[in-house]
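Before any comments, here is the structure.
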Amino acid sequence: MLFCTLALALLLLAGCRGTVDDLAGDYESERVDLSPARLTLRTDGGGSLTVGAEEAPFRWEVRDEGRVVLHTRQGGIISARQGRGTLELDMPGSGKQVFRKKAK
Numbered sequence: 002m003l004f005c006t007l008a009l010a011l012l013l014l015a016g017c018r019g020t021v022d023d024l025a026g027d028y029e030s031e032r033v034d035l036s037p038a039r040l041t042l043r044t045d046g047g048g049s050l051t052v053g054a055e056e057a058p059f060r061w062e063v064r065d066e067g068r069v070v071l072h073t074r075q076g077g078i079i080s081a082r083q084g085r086g087t088l089e090l091d092m093p094g095s096g097k098q099v100f101r102k103k104a105k
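Mapping of the sequence shown onto the numbering used here: position 71 corresponds to residue 72, and the numbering continues sequentially without gaps.
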C-alpha cells in the first residue's frame, strides 16, 4: 500500500512539472492603455512582474484546475487563469489583464 501511495505521488509530481515547464517563460501585457507590463515565470517557482521601470518579485504555483497563483513578498495573492498561450490576471487597482507568452 505504501508503495502505491508513493508511486501515485511521484506520478502527480511529474505531471505538475510538465505544466510548470509549459507555463514558464516571458509574457507581455496586451493592454495598450497602461504602462508596458511584463510577467516572467521561472521553472524554479520564482518570477517577477515589471510595470514600467518597477519590478516586483514573487513566487508562483499551479493549483487546482490549472489556476496559477502568484504570491508577492508583501503577502498578496494574485490569481491567474490559463488560456491558449495567455494568462489572465486579476490585478489589484487595474482589473483584469491578459498577458501573452512571447515566442522563445
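Glycine included, every Cβ here is placed at the ideal spot set by N, Cα and C.
Contact set for residue i: own chain, Cβ-Cβ below 8 Å, skip 5 residues either direction
i, result
"R64", "V70"
"K103", "G26, D27, Y28 and E29"
"G47", "P58, F59, R60 and W61"
Residue from the options whose Cα sits closest to the Cα of residue i
i, options, result
"L40", "D23, D22 and F59", "F59"
"V52", "L90, P37 and D45", "P37"
DSSP bridge partner residues for residue i (one or two, in chain order)
i, result
"G26", "L42"
"Q75", "Q75 is not bridged to any residue."
"D91", "K97"
"V63", "V69"
"K102", "Y28"
Own chain partners of residue i with C-beta closer than 6 Å, once the 5 adjacent residues on each side are dropped
i, result
"Q83", "G67"
"T73", "F59"
"A57", "L50"
"F106", "In this structure the chain extends from 2 to 105, so residue 106 is not present and cannot be described."
Closer than 7 Å: residue i CB and nearest the ligand COA heavy atom
i, result
"A54", "Of the ligands one can find in the structure shown there are none, so the ligand COA has no counterpart to examine."
Cut-off 7 Å between Cβ atoms - residues of its own chain near residue i, not counting five sequence neighbours on either side
i, result
"S80", "R68, V70 and D91"
With a threshold of 8 Å, are at least 3 pairs of Cβ atoms found where one atom belongs to the region 22-37 and the other to the region 88-99? Taking 8 Å as the limit for Cβ pairs, the verdict is that the region 88-99 does touch the region 22-37.
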